[in-house]
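**Student:** Those sequence lines, one after another, are chains D and U. So the numbering used here is basically just the index in the first sequence, starting at one, shifted up by 40. So the numbering used here is basically just the index in the second sequence, starting at one, shifted up by 854. Every residue gets a Cβ at the ideal spot worked out from N, C-alpha and C, and that includes glycine.
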Amino acid sequence: MSVIGVVSMKGGVGKTSTTANLAAALATKLGPGRVSVIDLDPQNALHWHFGLDGAQTAGVCRQSLHGDDWSDVALASEFGVACLPYGTFSEPDREAFEMLLADDPDWVGTQLKHAGLGDDAVVLIDTPPGPSVYLKQVFACADLVLIVLLADAGSYATIPAMESWLDEMSTLYPHLVSVYVLNQVDRSEPLNRDVAEMLHRHLGARVAPIGIHCDEAVGEALAFQQPVLIYDPHGQASHDLARLAAWLIDTLNR
Amino acid sequence: MNPRLILSLWRERWGKASGTTRITPYLQGQLNLWGSQLAHATAWSRPGVTAFAWLSCIFLFALMLVVQFSLNGQVVFSVFFVCIALYVRRYAGTLVTLVLIGLSVLASTRYLYWRFTETLGQDLNSDFVLGFCLCAAELYLWLLMALRFLQTVWPLKRAHVPLSGELAGWPTVDVYIPSQGQSHSAIERAATAALALDWPKKKIKTYILDDSPRDDIKELADSIGATYLAYAENPAGKPGNINRALTETTGELIAILDCDRAPDKNFLQMTAGWFMRDLKLGMVQTPYHFLAPAPSKHSRELFDAPDFDGSCAVIRRSMLVEVGGVVLEAVTDQAHTALKLQARGYGNAYIGFAEQEDLGNENLTVRLDQKVRSAPGVFRVDHPFLGQTLRWKQRLASLHAMLQFYYPVPRLIFFTAPLAYLLADGHIIQTSTALLVAYALPHLIHGHIAQARMHGNSRFTVLADIRETALAWYILVSTAMTGARAELGKCKSAFKASKVEKAPPFDWMIAVPYVIILVLNLTGFVAGIARLLSVSTNDYEMAVFYLLWSAYNLMLLAAMLAVAEESRHIRRQTRLQLRMPAMIKLPFGRSVSCVTENFPESVLVLTLPTPVAVEAGLMLNISIFRGYREFAFPAQVVFQQDKVLRVKIEDEAQNDYRALGVAAFSRGEDWPKWLPGRDADHPFPPWLTKAFVAMRVAALDFEMRFGKFARWARFGSWIQIWTKKK
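1. Looking at the secondary structure, which residues open and close the alpha helix (DSSP H) in which residue 916(U) lies?
2. Using 10 angstroms around the beta-carbon of residue 1601(U), count the other beta-carbons present and answer buried if the total reaches 16, otherwise exposed.
3. I'd like to know if residue 103(D) contacts chain U, where contact means its C-beta is closer than 8 Å to some C-beta of that chain.
4. If you reduce the DSSP assignment to three classes, tell me which class residue 1508(U) lands in.
5. Let me know the secondary structure DSSP gives residue 1020(U) once reduced to three states.
6. Looking at C-alpha atoms only, which residue of 88(D), 115(D), 89(D) and 143(D) is the closest neighbour of residue 100(D)?
7. Taking 6 Å as the limit between beta carbons, can you name the residues of its chain near residue 1350(U), skipping five residues before and five after?
8. Name, please, each residue of chain C whose Cβ falls closer than 8 Å to the Cβ of residue 275(D).
9. Report yes or no: do the region 1488–1502 of chain U and the region 1021–1030 of chain U share at least 3 C-beta pairs separated by less than 8 Å?
10. Taking the alpha-carbon of residue 1121(U) as reference, which of 1545(U), 924(U) and 1047(U) has the nearest alpha-carbon?
11. Which residues in the same chain as residue 1224(U) place their Cβ atom closer than 6 Å to its Cβ, once the five residues preceding and following it in sequence are excluded?
12. Which one of 172(D), 168(D), 163(D) and 167(D) has the shortest CA to CA distance from residue 183(D)?
13. Determine, using beta carbons only, whether residue 1459(U) and residue 1500(U) come nearer to each other than 8 Å.
14. If you compare alpha carbons, which of 173(D), 106(D) and 209(D) is closest to residue 129(D)?
15. So for residue 32(D), helix, strand or coil by DSSP?
16. If the cut-off is 7 Å on Cβ atoms, which residues from the region 218–230 of chain D count as contacting chain U, listed in chain order?
17. From residue 243(D) to residue 1085(U), what distance separates their C-alpha atoms?
18. Work out the CA separation of residue 929(U) and residue 1581(U) for me, nearest whole Å.
19. Give a yes or no on whether the minimum CB-CB distance between residue 257(D) and chain U is below 8 Å.
20. Might you give, ordered along the chain, the residues of its own chain that have their beta carbon closer than 7 Å to the beta carbon of residue 1267(U), omitting 5 neighbours on each side?
21. Please state whether the Cβ-Cβ distance between residue 265(D) and residue 88(D) is less than 8 Å.
22. Would you kindly report the start and end of the unbroken alpha helix (DSSP H) that includes residue 971(U)?
23. Measuring straight from C-alpha to C-alpha, what distance separates residue 1080(U) and residue 1073(U)?
24. Determine, for residue 1439(U), whether the minimum Cβ-Cβ distance to residues of chain D falls below 8 Å.
25. Answer yes or no: does any C-beta atom of chain D fall closer than 8 Å to that of residue 1467(U)?
26. In chain order, what are the residue ranges of uninterrupted alpha helix (DSSP H) at least 4 long that sit wholly in the region 1044–1129 of chain U?
27. Using DSSP bridges, identify the partner residues of residue 123(D).
28. Return the Cβ separation of residue 54(D) and residue 224(D) in integer angstroms, given the expectation that the two are a contact with Cβ distance under 8 Å.
29. According to DSSP, what are the bridge partners of residue 945(U)?
30. Here's the rule I'm using: 16 or more other beta-carbon atoms within 10 Å means buried, otherwise exposed. How should residue 922(U) be labelled?
31. Whose C-alpha, out of 1408(U), 1475(U), 1517(U) and 935(U), is nearest the C-alpha of residue 1440(U)?
32. Are the region 964–971 of chain U and the region 905–924 of chain U touching, with three or more C-beta to C-beta distances below 8 Å?
33. I'd like to know if the region 198–211 of chain D and the region 222–238 of chain D are in contact, where contact means that at least 3 CB-CB pairs between them fall below 8 Å.
34. Let me check understanding here. Comparing Cα to Cα, which of 1485(U), 925(U) and 1275(U) lies closest to residue 984(U)?
35. Please check the pair residue 86(D) and residue 125(D), which I expect to be a contact at CB under 8 Å, by giving their CB distance rounded to whole angstroms.
36. Please confirm whether residue 1296(U) has its beta-carbon closer than 8 Å to some beta-carbon of chain D.
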């Protein structure tokens, strides 16, 4: 089983879209039934990308509090990806869940182990932006962490915070691989291009060679509750996501 | 030449993805160790040892040459040496090449000696005369082979000379782009490539030399910063233009780039160093690559012999002016210029690195045209033994090149020789077939092995055969005509683009001589079969031998006619075009992944995955991807229909776009490697080797399962030897 955590220090960088679309791309590459996504973000938005019912109450939050198995809340989508939503919750529920996670840093890892997933399964975990108990959980159980960035000043400014967080984590989990992924790349815009160049120079091989291009199709796909790969297979963003998925499979196999 | 190579050529021709490259490295083993021990033995320094070794070698060689065996003796003798050659050829090293060459020369000389002394017959009759002609033709081939071996034994590995660090000391360079009616885009490409050359901008000037003033070319020259020199009413063609440009320009070095060539970025830096180091150097010639390189290329590579192919050279101005400019009267202008330079004692150099691309000729007619035009020139104008300052090796190379032009004579003799027997019952080889095979076969096998070893990576035996067949007749006519005329004729000026457009696809008139020979051979073949079937014959074997010979001729001739029939490859672009992944960014935010169809053109054609409706005149951004890197350019839609989109790159981005084009094409050293399987010789087709390995594997299987009793065979070690080769 390979676990990929999708994280960022700053909100609004397209983390949830990236998680969903990447999962769909991985599913087209690996075949259905092998890819699952877990939403650890209280925004509870991931399931929208797969056209799953929002009124559904069950989610990993409540399920954990009741002490039940996570595999019961997994929703099968028509895109070959199983989705575990965060679920609806009341404020005390969320606080209790976060307390639970703070007490046992390996909670998510243990749940994944008991979920009965096969050796060839790939799990993607979406997290809320910035440091949180969710982030810590992901670092504890992930094989690879994708850090989503925009090629703009705001994202660039969060890099030192991310780097110091990574430094801390790398002492705890030395085998963890962290990769920066640029989202909404647009080489025709000077600022976007310059920041991207600077990031590549600054972070070197830690930036994934494939960035996801700026493409309206990503937003439109969410409106249609589909992964972008299905909504617009010929768009550049779909193209990039497919390449990124192939590259990730390569990296994980290495 | 093997089925797999044909397949890869076919794939290349039709733009299919090629299979994995096949490299057959030579082995390094005990044999190499022994070789180097022998070569570096201390005994060589003692007086007399070398002389003694030479004497004994010559004595042994002579003995093996003249000793007469019975049929069985000859068979054993031949098989022994062929086995040695087959074993040795798998190992690396110059010494092994020398051994193979030695064996080949031995087998061939022995065969020839035997042919002259034993097979000609006693009486002076037509059989004797025809037989003697055949022998003479074989002697000629032997001479050619020996010369080729002599020249190519020790390659001269010449690198480039680094320039001094001080830019101030670098020479000024004029780049000439001579044009004879070439299209705007062809000139644009060449000029762009010239402008991209890595050289201090203050020290390089680009000139477009046109043979008639054209406004659009002038505009082009102005827009990219080149100087446009047009000479109307110029009878002397390209060399005349160059000579007139010489009087108007001032650079110390002159680089002449044809429109159909594009140099690598560092072309000047690689060549100019030689001029700085050697003040007597007049010209540096650099290579370019053909599918079936002419043998003369090898001689150039090895001995600085003057070039016979034309452009891609850098020349020193002062010396060029001294010899009176580029030679006007000859078509292979630069070859004669080079010879003239040499005659004055100025050096020529040939650097063996790749920096040019050349797409060859568009069909046989043009190919013939060029070859035939160069033939008399090389043969006549500068006799290899008249120029006083040529070194003996260069003379040898020139002699070889000159002799090559008589190649058609033996070629035609070989084509017609079997007819003497099949049609007229003449016995031109008076011996038993078995003996003939016992002598001739090792001669052919050794020759093939040695040739494959020396030229295997750049020359395909059968392709070369077909090519030489195709050229034989015309070169003969041309050479004979020039030989007969007292002065060098008014050769056709280098062919113009306009002329090529008018040239018909290969017309059968040109192939008439071959059709005649083919018909004769076919008649002979049928007659031979009739003879085989008739009961009265007693020389059954002889008939089979001549039939096989005739069949080989038929194959070559048929291949030649197939080449003649080859449909014309219309080349609108003089250079390669790249399909590269690209992206267009539409104004309403969508990005579409697509592919370029004609990458370095300024009007770019994109193939879209789905039709996208955009209006002409719309501004959008396109990106071109190279590996993981992306390059964005603003562009304007010119035309859109279905999945085809034409966009014009905006003027302000043109410079970046051109730079990307140059970068994409400047793959320098990759060019010689573009064809899979060109890296080592393959005297045996791979399927044969594979079959052999499969047999061994089967044997091993057998041993593992059934045979402790088969342990003595030790198949395992054999498999290791054969699988190491891959």
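**Tutor:** Taking the geometry as given:
1. 903–920
2. Outside the displayed range of chain U (855 to 1580) lies residue 1601(U), so it cannot be described from this structure.
3. no
4. For residue 1508(U), the three-state secondary structure derived from DSSP is helix.
5. coil
6. 115(D)
7. Residue placement at residue 1350(U) is poorly supported in this model, since its pLDDT is 34, which falls under 50; the coordinates are not used for a value here.
8. Included in the structure are the protein chains D and U, with no chain C among them.
9. no
10. 1047(U)
11. In this prediction, residue 1224(U) has a pLDDT of 38, which is less than 50 and means its spatial position is unreliable; nothing more can be read from the coordinates.
12. Measuring from the Cα of residue 183(D), the nearest candidate turns out to be 163(D).
13. yes
14. Looking at the Cα atoms, 106(D) is the closest of the given residues.
15. Outside the modelled stretch of chain D, which goes from 41 to 294, sits residue 32(D), for which no answer is possible.
16. 227 and 228
17. 57 Å
18. Residue 1581(U) is absent from the structure shown; chain U starts at 855 and stops at 1580.
19. yes
20. 987, 988 and 991
21. yes
22. 948–972
23. 10 Å
24. yes
25. no
26. 1069–1078 and 1091–1102
27. 77(D) and 115(D)
28. 6 Å
29. 881(U)
30. exposed
31. 1475(U)
32. yes
33. Three or more beta-carbon pairs separated by less than 8 Å are not found between the region 198–211 of chain D and the region 222–238 of chain D, which leaves the two stretches without contact.
34. 1275(U)
35. 6 Å
36. no
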